[in-house]
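Read the structure below first, then the notes.
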């Protein structure tokens with residue numbers, strides 16, 4: 055029962071089980087791309103050097119090879135979004151929540167990112183929740199729920 059968890063238990067759940075990609079990226083301006091991606095691993099007490107190596111691998115996966123030493127201010131909006139996605143997936147979370155993940159990406163990059171995220175998570179039986187206005191994502195969805203004012207107004211399956 056999630057409602058019975060303390061704040062510390064909720065923080066632990068978020069760190070270990072849920073990856074977030076925020077619409078506004080939420081990257082630390084003073085950190086490099088790789089350092090931003092490494093944050094979840096550092097919070098799990100991973101060795102700094104190992105965390106940076108893993109972060110650079112995660113950046114490669116989202117098409118940012120060689121960009122790990124660059125600070126967010128020097129990256130385009132699409133690149134910042136991909137850094138945020140790399141940070142969310144680095145810990146292999148059970149649940150991945152993406153808020154408008156393609157909003158700042160061109161069409162091809164957006165499709166590549168969503169296809170990758172879905173294949174990575176599905177291969178490990180994980181759940182992806184995407185909140186978006188981008189109908190291009192529909193082709194990757196196993197289920198589509200339309201909401202308005204916090205209420206489900208349409209679903210491709212019966213709502214429990």
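Residue numbers (this note's numbering): 55 to 214.
Idealized CB from N, CA, C, for every residue including glycine.
Going straight from the alpha carbon of residue i to that of residue j, what length do you get?
i	j	result
residue 202	residue 158	23 Å
residue 59	residue 147	19 Å
residue 67	residue 182	16 Å
residue 184	residue 92	23 Å
residue 57	residue 106	35 Å
residue 65	residue 87	23 Å
residue 209	residue 78	27 Å
residue 164	residue 137	13 Å
residue 62	residue 99	16 Å
residue 162	residue 118	15 Å
residue 211	residue 120	43 Å
Hey, residue i and residue j are a contact pair by Cβ (cut 8 Å); roughly how many whole angstroms apart?
i	j	result
residue 112	residue 144	5 Å
residue 122	residue 109	7 Å
Pick from the options: whose alpha carbon is nearest that of residue i?
i	options	result
residue 114	166, 69, 94	166
residue 191	208, 207, 121, 171	171
residue 196	207, 205, 204, 180	180
residue 125	56, 90, 207	90
residue 116	107, 102, 133	133
residue 72	62, 152, 206	152
residue 194	207, 69, 173	173
residue 16	98, 102, 94	Within the shown structure, residues of the chain are numbered from 55 to 214, placing residue 16 beyond reach of any answer.
residue 74	118, 189, 131, 154	154
residue 156	189, 128, 127, 129	189
residue 76	135, 102, 129	135
residue 130	102, 160, 186	160
On the criterion of 16 or more Cβ atoms from any shown chain inside 10 Å, does residue i qualify as buried, or is it exposed?
i	result
residue 81	buried
residue 204	exposed
residue 198	exposed
residue 169	exposed
residue 84	exposed
residue 97	exposed
For residue i, write down the residues that DSSP places opposite it in a beta bridge.
i	result
residue 209	199
residue 151	74, 183
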